[in-house]
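Single-structure report; data block below.
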Amino acid sequence: MTAIYKRELKSYLTSMVGYLFIFFILVLTGIYFSAYQLSATYPKFEYTLSAITFAFLIGVPILTMRVLAEERKQKTDQLLLTAPVSVSGIVIGKYLALVTVFAVPMAVMCTYPLIMSKFGTVEFASAYTAVLGFFLLGCANIAIGVFMSALTESQVIAAVLTFVFLFAFYMMNGISSFFSQTSMSTCVTFGLLILAAAIIIYTMIKNILISAVIGVIGEVALIIIYVVKSSIFEGGIQKVLDVFNLSGHFDNFTSNIFDIKGIVYFLSVIAVCLFLTTQSILKRRWN
Amino acid sequence: MIEVNNLVKRYGDHTAVDHLSFKIEKGKIYGFLGPNGAGKSTTMNMITGYIASTEGTVKIDGHDILEEPEAAKKCIGYLPEQPPVYFDMTVLEYMKFVADLKKIPKDKKTNMIEEIMDMVKISDMRNRLIKNLSKGYRQRVGLAEAIMGYPEVIILDEPTVGLDPKQIIEIRTLIKELKKKHTVILSSHILSEVSAVCDYVLIISHGKLVASDTPENLGKLAEGSNTLEMLIKGEKTQIRQALEGIEGVNSVTMEKDEKQNLWSVKVSTEEQNDIREKVFYKMSEINSPIYEMKSRKVSLEEIFLELTASDKPISADEVPNTPEDKDTDAGKSNETNVKQTSAEIPEEQNNDKGGEK
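Okay, here's the thing in C-alpha cells:
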C-alpha cells in the first residue's frame, strides 16, 4: 500500500496533472478571496469556500481520470494485481495519494484566515470548520472520481462520467425540486424503480421466474405500505435524492455549524465509493 | 510446487481454457507451447491470479490463488505479455517501486536491485525514463520485475518477443541460469525456443493440453519414420521398382519435375534405417543418375503442427508414430510439402541465424 501511495504521489508531482489541479483550485480561491475578502472586506472566509465548490466539477475529473483507467490501458494493473498486495490496499493507496495532492491547496487555504486576521477580527473556529467541510467535500468528490476511473480504461470516459455525476450531485437541490412531493406520485415513482430493478436483475441472471417474483413482491409490499400508511411516502423522492446531495451537506459547515452528521456523511460516501471501486476491480477478474 | 486442477475459463460462450490439469515440479524449466489464441496467456493469468478461473483450482505451494492470494502471489514473479512498466518512471525508480511492492526488506533492497539489474544488463539504463527505452530493454526491465524478490516460481509470457537475435540468446541463457534457483514457466509459440530452453514441454491447443513430455521424448515419438527426398533422372517404372526392392522402404512417391526433366522422388523408410548408400548403388545399377538427395527427419515442429492443427485432443501416448505416409500418393505429397517448409525454421534458428519468427 505504501509503495503504491508513494509511486502514485510521485507520478502526480512529476507530471502536469497534479500541478494543474493545485493551480486550478488555488487560482479560483485566490480570485474569490480577493473579491470577497480583500476588496469587499467581508470577514467570513466560509463565504468564499461555499462559492468555489464548483471548482471540483472541473478539477476532480482532471485529477482522477487516469488513476485506475491508465493502469488498465497500459496493462500495469497486471503487475499490481499479481503482486502480494490486496486490491483494497491498491485502491486505498491510490486514494490517499490523491487526497495528499488535494491537501496541498488546502494547506495554502488554511493561511487565508490568518492573513485576514492581520486586518481585523476573524472567527477562526467557523472559518476552519468551513475549511474542514471543504476538505471533506473534496475528498468525497475524489472518491467518486476514483470509482468512475475504475469502471473504464479510457481516461476521457472516466473524466466525462465523473463530471456528469458530480454535476448531478451539485445540482441535486434543483433536481429534487422537479419532483412532486405528494405520496401518490412518490409511490408511483418507487413502483417504476422496482420494475426497472426487476428488469435489470433479469438481464443479469436471465431467469424470468426469479426476477418476476422479486418484482411482484416489491410492488405488493409497496402497495400494502401505501394502503396502510400513505403519509410515509410524502416527500420520499426528496429524501432519497438528498443522499446524493453532496454540496447540500457542505452548507452546514459554512453556516457556523460543526456538523457531525455531515462528517459521518462524507466519510460514508468515501467508504462506499472505495468499496465499490475495489469490488469493480475484483469483479472484472471474473468476467 | 504448482498444481493446476481442471482449470476452465469461459468468456461468454467461448471456452478459452478447457479443463486443464498439470503439475509443476521444482527446479525445472517448463514450456507452454501453442499457436496464437491457444489459451497460454489466459492460463498464465489464472495461475498468477490476475484473472479468476470459471472452474477449477490453482494451488501454489499449497496456497489456493483465490483463497489465499497474498501467500500464493508471494511465490510468483510474473512477466506478462506486455511488460507492466510505468513509462513515467526511470528504470531505477521502477525497480525500487517493484521491490517495495513485493515487500523486500529495506536492508536487502539495494543489493538485490543492483544484482538483478546486472543480471538482465540494464544497469547502464538506470537513470533513463522507461518511455525512452527500446522494446528490448523494456522487456528486460519487465524480466527484472519478475525476478525481483527471487520468487520460487518465475512465469514468463513470451519473454523473447520483440528482441533481436543476440538478445534472444542472452535471455535464453539467463533463463537457463534462473533454473538453478527457481522454477521457470515460459510460454511461446516458437518451438525452437521451447526445445532449446525447456526441460518439459506442455503443448496446448484450443485451451486443452494435447501433449506433455520432455522435448527428447516428444522427439523420440517423431523418429518413427524418415523421409528421403531425391531428384533422379531416368525411367519412372524402373526407378520405382529399384527403390521398392530396397530393404526397409515403406513407400515411394514420384512426381515429374518438368523444368529439369527429372523425377522428384520421396521415399519413406523405417526408423533408424539409413538406405542412402543402397539407393546410390541401386540407381547406378540402372543407370539413373541422382541429382540431389536429402534425408529428412520428422521434427518436433511437425508434431507440434499436427497436434495443434486438429480439434481433437490427443494424449502423448497417441502421438502418431508414423505420420500419414501410408496415405494415397497425392495426399502424401501435399502433407510432406507442408512439413518441409515448417521443418526449415528450427534448423535455421538452431544456427542462431533466425531471430523472431
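Heads up: the sequence lines are chains A and B, in that order.
For the first sequence, the numbering used here puts the final residue at 1344, and the numbers step up evenly by one.
For the second sequence, the numbering used here puts the final residue at 361, and the numbers step up evenly by one.
Beta carbons are placed, not taken as given, at the ideal position from N, Cα and C, and that holds for glycine.
Please give the ranges of any beta strand (DSSP E) in the region 167 to 197 of chain B, keeping only runs that are unbroken, at least 3 residues long and fully inside the region.
Given a length threshold of 3 residues, each whole run of the beta strand (DSSP E) inside the region 167 to 197 of chain B is given here in chain order: 187 to 192.
Could you give the distance in angstroms between the alpha-carbon of I294 (chain B) and the alpha-carbon of W267 (chain B)?
The residue labelled residue 294 (chain B) in the question sits at position 290 within the second sequence. The residue labelled residue 267 (chain B) in the question sits at position 263 within the second sequence. Taking the Cα positions, I294 (chain B) is about 10 Å away from W267 (chain B).
Is there a Cβ of chain B sitting closer than 8 Å to that of R1342 (chain A), yes or no?
The residue you call residue 1342 (chain A) lines up with position 285 of the first sequence. At least one beta carbon of chain B lies nearer than 8 Å to the beta carbon of R1342 (chain A).
Distance check for V1165 (chain A) and K32 (chain B), CA to CA, integer angstroms please.
Position 28 of the second sequence, counted from the first residue, corresponds to residue 32 (chain B). Position 108 of the first sequence, counted from the first residue, corresponds to residue 1165 (chain A). K32 (chain B) and V1165 (chain A) have their alpha carbons spaced roughly 58 Å apart.
Do G1150 (chain A) and E1065 (chain A) have their CB atoms nearer than 8 Å?
As a first step, residue 1150 (chain A) must be located in the first sequence, where it is residue number 93. As a first step, residue 1065 (chain A) must be located in the first sequence, where it is residue number 8. Taking 8 Å as the Cβ cut-off, G1150 (chain A) and E1065 (chain A) qualify as a contacting pair.
Can you tell me whether M234 (chain B) is helix, strand or coil according to DSSP?
Taking the first residue of the second sequence as 1, we reach residue 234 (chain B) at position 230. Note: M234 (chain B) maps to strand in three-state DSSP.
Is F1345 (chain A) helix, strand or coil by DSSP?
For residue 1345 (chain A) there is no data in the structure shown, the boundaries of chain A being 1058 and 1344.
Beta strand (DSSP E) segment containing R14 (chain B), residue limits:
Taking the first residue of the second sequence as 1, we reach residue 14 (chain B) at position 10. Judged by DSSP secondary structure, R14 (chain B) falls within the beta strand (DSSP E) whose first and last residues are 6 to 15.
List the endpoints of the continuous alpha helix (DSSP H) containing N115 (chain B).
Taking the second sequence and counting its residues from 1, one reaches residue 115 (chain B) at position 111. From DSSP, the alpha helix (DSSP H) with N115 (chain B) extends over 110 to 123.
Distance cutoff 8 Å, beta carbons only. Does Q1212 (chain A) sit that close to anything in chain B?
As a working mapping, residue 1212 (chain A) is identified with position 155 in the first sequence. Not closer than 8 Å to any Cβ of chain B, the Cβ of Q1212 (chain A) fails to qualify, so no.
Contacts of A56 (chain B) in chain A (Cβ-Cβ under 7 Å)
Translated into the one-based positions of the second sequence, residue 56 (chain B) becomes position 52. R1342, W1343, listed in chain order.
Residues near G238 (chain B) in its chain [Cβ-Cβ closer than 6 Å; skip 5 each side]
For this step, residue 238 (chain B) is matched to residue 234 along the second sequence. Excluding residues within five positions, the ones whose Cβ falls inside 6 Å are S292.
Could you please give the first and the last residue of the uninterrupted beta strand (DSSP E) stretch that includes L1208 (chain A)?
For the purposes of this step, residue 1208 (chain A) is identified with residue 151 of the first sequence, where counting begins at 1. No beta strand (DSSP E) contains L1208 (chain A), which is instead part of the alpha helix (DSSP H) from 1181 to 1208.
Given D68 (chain B), which residues of its chain have a CB within under 8 Å of its CB, disregarding the five upstream and five downstream residues?
In the second sequence, residue 68 (chain B) corresponds to position 64, counting from 1. Closer than 8 Å at Cβ, skipping near neighbours: T61, V62, A76.
Helix, strand or coil at I69 (chain B) [DSSP, three-state]:
Taking the first residue of the second sequence as position 1, residue 69 (chain B) is located at position 65. Note: I69 (chain B) maps to coil in three-state DSSP.
Excluding the five sequence neighbours on either side, which residues of its own chain have a C-beta within less than 7 Å of the C-beta of A148 (chain B), listed in chain order?
Taking the second sequence and counting its residues from 1, the one referred to as residue 148 (chain B) is at position 144. Hits under 7 Å: M99, I120, M121, V124, I126.
Taking the alpha-carbon positions, what's the P169 (chain B) to E85 (chain B) distance?
Position 165 of the second sequence, counted from the start, is the residue given in the question as residue 169 (chain B). Position 81 of the second sequence, counted from the start, is the residue given in the question as residue 85 (chain B). Approximately 19 Å, taken between the alpha carbons.
Simplified DSSP assignment, three categories, for A150 (chain B):
If you number the second sequence from 1, residue 150 (chain B) lands on position 146. DSSP places A150 (chain B) in helix when its eight states are reduced to three.
Anything in chain B within Cβ reach of S1068 (chain A), meaning under 8 Å, just list it in chain order.
Along the first sequence, one-based indexing puts residue 1068 (chain A) at 11. Going along chain B in sequence order, the residues near S1068 (chain A) (Cβ under 8 Å) are Y90, D92, M93.
Given a cut-off of 8 Å, decide if H186 (chain B) and V157 (chain B) are closer than it, judged by their beta-carbon atoms.
The count along the second sequence starts at 1 and reaches residue 157 (chain B) at position 153. The count along the second sequence starts at 1 and reaches residue 186 (chain B) at position 182. Judged by their CB atoms, V157 (chain B) and H186 (chain B) are nearer to each other than the 8 Å cut-off.
What's the C-alpha gap between L182 (chain B) and I175 (chain B)?
On the second sequence, position 178 is the one that residue 182 (chain B) refers to. On the second sequence, position 171 is the one that residue 175 (chain B) refers to. The straight-line gap from Cα to Cα measures roughly 10 Å.
Quick one: residues in its chain with C-beta nearer than 6 Å to the C-beta of V1326 (chain A), no 5 flanking neighbours on either side, listed in chain order?
As a position in the first sequence, residue 1326 (chain A) is number 269, starting the count at 1. Only A1197 meet the Cβ criterion.
Do the CB positions of T312 (chain B) and V188 (chain B) come within less than 8 Å of each other?
Mapped onto the second sequence, residue 312 (chain B) falls at position 308. Mapped onto the second sequence, residue 188 (chain B) falls at position 184. Against a cut-off of 8 Å, the Cβ pair of V188 (chain B) and T312 (chain B) comes out as no contact.
To which residues of the same chain is L1095 (chain A) closer than 8 Å at the C-beta, ignoring the five residues directly before and after it?
Taking the first sequence and counting its residues from 1, the one referred to as residue 1095 (chain A) is at position 38. Taken in chain order, the list of residues that qualify is empty.
Output the distance between the C-alpha atoms of G1319 (chain A) and G1190 (chain A), rounded to the nearest integer angstrom.
Position 262 of the first sequence holds residue 1319 (chain A). Position 133 of the first sequence holds residue 1190 (chain A). Distance between G1319 (chain A) and G1190 (chain A), taken at the CA atoms: about 8 Å.
Please name the residue, chosen from B:L105, B:K30, B:A56, that lies closest to K13 (chain B) on a Cα-to-Cα basis.
Looking up residue 13 (chain B) in the second sequence gives position 9. In this structure, B:A56 is the residue among B:L105, B:K30, B:A56 with its C-alpha nearest to the C-alpha of K13 (chain B).
Tell me, please, whether the CB atom of P1170 (chain A) is closer than 8 Å to any CB atom in chain B?
Along the first sequence, read from residue 1 onward, the residue named residue 1170 (chain A) stands at position 113. P1170 (chain A) does not count as touching chain B.
Backbone CA spacing between G1231 (chain A) and C79 (chain B) [nearest angstrom]
To locate residue 1231 (chain A), count along the first sequence from 1; it is residue 174. To locate residue 79 (chain B), count along the second sequence from 1; it is residue 75. Computed Cα separation, rounded: 55 Å.
Closer than 9 Å by beta-carbon distance: list the chain B residues that pair up with K1132 (chain A), in chain order.
Position 75 of the first sequence, counting from 1, holds the residue named residue 1132 (chain A). Neighbours of K1132 (chain A) on chain B, chain order: P84, E85, Q86, P87, P88.
So which residues of chain A does D278 (chain B) contact, with C-beta pairs closer than 9 Å?
For the purposes of this step, residue 278 (chain B) is taken as the residue at position 274 of the second sequence. Chain A residues near D278 (chain B): none, gap ~51 Å exceeds 9 Å.
Are any of the Cβ atoms in chain A nearer than 8 Å to that of F26 (chain B)?
The count along the second sequence starts at 1 and reaches residue 26 (chain B) at position 22. False, the Cβ-Cβ gap to chain A never drops below 8 Å.
Residue environment, F1078 (chain A), which counts as buried when at least 16 other CB atoms sit within 10 Å
Here residue 1078 (chain A) is taken as the residue at index 21 of the first sequence, counted from 1. Counting C-beta atoms within 10 angstroms of its own C-beta, F1078 (chain A) has 16 or more neighbours from the protein chains shown and is therefore classed as buried.
contact_flag[the region 1135 to 1142 of chain A, the region 1214 to 1233 of chain A] where n(CB pairs < 8 Å) is 3 or more:
No contact exists between the region 1135 to 1142 of chain A and the region 1214 to 1233 of chain A.
Would you be able to state if there are at least three C-beta pairs under 8 Å between the region 232 to 250 of chain B and the region 268 to 283 of chain B?
Flag = yes, the region 268 to 283 of chain B and the region 232 to 250 of chain B touch.
Report the rounded CA-to-CA distance for P327 (chain B) versus T231 (chain B), giving the unit in angstroms.
Locating residue 327 (chain B) in the second sequence gives position 323, counting from the first residue. Locating residue 231 (chain B) in the second sequence gives position 227, counting from the first residue. The predicted position of P327 (chain B) is uncertain, since its pLDDT is 40 and thus under 50; a value taken from the coordinates is nonetheless stated next. Taking the Cα positions, P327 (chain B) is about 11 Å away from T231 (chain B).
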